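Under the working numbering, think of the first position of the sequence shown as 41, with each following residue one higher. By construction, the Cβ of each residue, glycine as well, lies at the ideal position given by its N, Cα and C atoms. Computed from a prediction, not measured in an experiment: that's the story for all the values here.
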Amino acid sequence: EGEGEEDDDEEEETGAAGGETKDKKKKKKKNNKKKKTGSGQQQEEKKSEVVVAPSIPVHEQFPQGNFPKGEEQFYKNENSYRTTSAEMREAEKNYEVFLFDARRAAECHRQVRKHMQKVIKPGIRLIDMCEELENLNRKLVAESGLDAGIAFPTGCSINHCAAHYTPNKGDNTVLQYDDVMKIDFGTQVNGRIIDCAWTVAFNPKYDKLLEAVRDATNTGIKEAGIDVRVCDIGAAIQEVMESYEVELDGKTYQVKPVRNLSGHSIAPYQIHAGKSVPIVKGGDATRMEEGEFFAIETFGSINGKAIVREDMECSHYMRAMNPPHITLRTPKARQLLSTINRNFGTLAFCNRFLDRLGETQYLFALRNLVEAGIVDRYPPLCDVKGSYVAQYEHTIFIGPRCKEVVSRGDDY
41 EGEGEEDDDE
51 EEETGAAGGE
61 TKDKKKKKKK
71 NNKKKKTGSG
81 QQQEEKKSEV
91 VVAPSIPVHE
101 QFPQGNFPKG
111 EEQFYKNENS
121 YRTTSAEMRE
131 AEKNYEVFLF
141 DARRAAECHR
151 QVRKHMQKVI
161 KPGIRLIDMC
171 EELENLNRKL
181 VAESGLDAGI
191 AFPTGCSINH
201 CAAHYTPNKG
211 DNTVLQYDDV
221 MKIDFGTQVN
231 GRIIDCAWTV
241 AFNPKYDKLL
251 EAVRDATNTG
261 IKEAGIDVRV
271 CDIGAAIQEV
281 MESYEVELDG
291 KTYQVKPVRN
301 LSGHSIAPYQ
311 IHAGKSVPIV
321 KGGDATRMEE
331 GEFFAIETFG
341 SINGKAIVRE
351 DMECSHYMRA
361 MNPPHITLRT
371 PKARQLLSTI
381 NRNFGTLAFC
391 NRFLDRLGET
401 QYLFALRNLV
411 EAGIVDRYPP
421 LCDVKGSYVA
431 QYEHTIFIGP
441 RCKEVVSRGD
451 DY
């Protein structure tokens, strides 16, 4: 298109410099027409670049409640009989209510991320990106107090930062072409949480890193099942991830799983429900059980130590599941706790969420709640600077007949 515009200018200058011959007048007239057409094409392309977000809540899109199922994966070996068992098919009915809510939340997640994948480009401010994502999330899930809404703040950890980073007010970080960003956000309906993440990278030199981590996550999902030991899942994940190499700036790096990060079980209104799913070998022999939800997530690192530590300004907080009974001395701390209980319960929140609710000058009160053990803080988790970490994650349900990758979409 740019070359076409330059050609038009050159032809017009030639016509102006020469005599006003009949042929040149015709040529100039033709060129003007071409230029008008080109302008029309530009307008059409600008129209096509406008990304229109979905606006109808998911439950209204599916008024019969027939929310799409996730991907079904059948059990293998000694549990393969479950696939065709009439008894297991009947047992599935016991979980219909749970899955109804989870599938609604998952469909919301799919539609939100599909929109954001069109919007996220180099140059976007992370705080604007997060707020657009969260506002769309609220709209599509039909936010209603603790009955439906956001499950936790939008993670947008960049490069060596692996998890738990979201911008606070005043953070004007802008996404760059060479960044590797993990987008981790959650939806919930009646406490059924969908925890799902993917990695954004524009530079193709990171393609193998993303491929390695995506493959490792899918391997973890494939290995999961009833009575499966989580240590066996971790060993399988590590083997797959470490089979990949990434060439970066003339050096070759093996993709390493971040050994102190893991997947986890999920319970109603509880993002980490007690069981961990390691991504390296040597974990414990805890077994998965029928009826459980798990977040299967893997993190792969290159040019780092593949171990994370707390770093940077904290933005993520969550009320403790069983907080101590302590009398809070300051009225502001009591008032802030009331706001947290009413709006988030035991779901994670961030400073921006408190800002949105109109809370002001709350940092000292929030620190009081942390010191009292009522609220836990979750600072960003980072590998060493200069490293790059990628993440992929899905929420799965361990059903009696098969496992369902509830958050699966056509994107990943």
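- Around the beta carbon of GLU337, a 10 Å sphere encloses 16 or more other beta carbons of the protein chains shown; the residue is thus reported as buried.
- Residue pairing by DSSP places PRO297 opposite GLY340 in a beta bridge.
- For GLY195, the closest alpha carbon among the candidates ARG396, GLN431, TYR452, SER378 is that of GLN431.
- Contact between ILE261 and VAL295 fails: their C-beta atoms lie close to 18 Å from each other, not under 8 Å.
- Non-local beta-carbon contacts of SER316 in its own chain, meaning distances under 6 Å to residues more than five positions away in sequence, involve SER302, HIS304 in chain order.
- At least 8 Å separates the beta-carbon of ALA335 from that of GLU263.
- Here DSSP, grouped into helix, strand and coil, assigns ARG369 to coil.
- GLU350 is bridged by DSSP to LEU421.
- Per DSSP, LYS345 is not a residue of any alpha helix (DSSP H), being assigned neither H nor E.
- In this structure, the CA atom of PHE333 is about 11 Å from the CA atom of ILE266.
- Residue state for GLU399 is assigned as coil, using DSSP reduced to three classes.
- Judged by pairs of C-beta atoms under 8 Å, the stretch 136–143 touches the stretch 221–233, as three or more such pairs exist.
- When the Cα atoms are used, GLY314 and ASN117 turn out to be separated by approximately 27 Å.
- Annotated as proximal: ALA202 and ASP423, with beta-carbon spacing under 8 Å.
- Selection ALA360, CYS271, GLU353 evaluated against ASP324 yields CYS271 as nearest (Cα-Cα).
- Going by DSSP, VAL445 is part of the beta strand (DSSP E) stretching over 442–445.
- Rounded to the nearest whole angstrom, the CA to CA distance from GLU399 to ARG448 is 36 Å.
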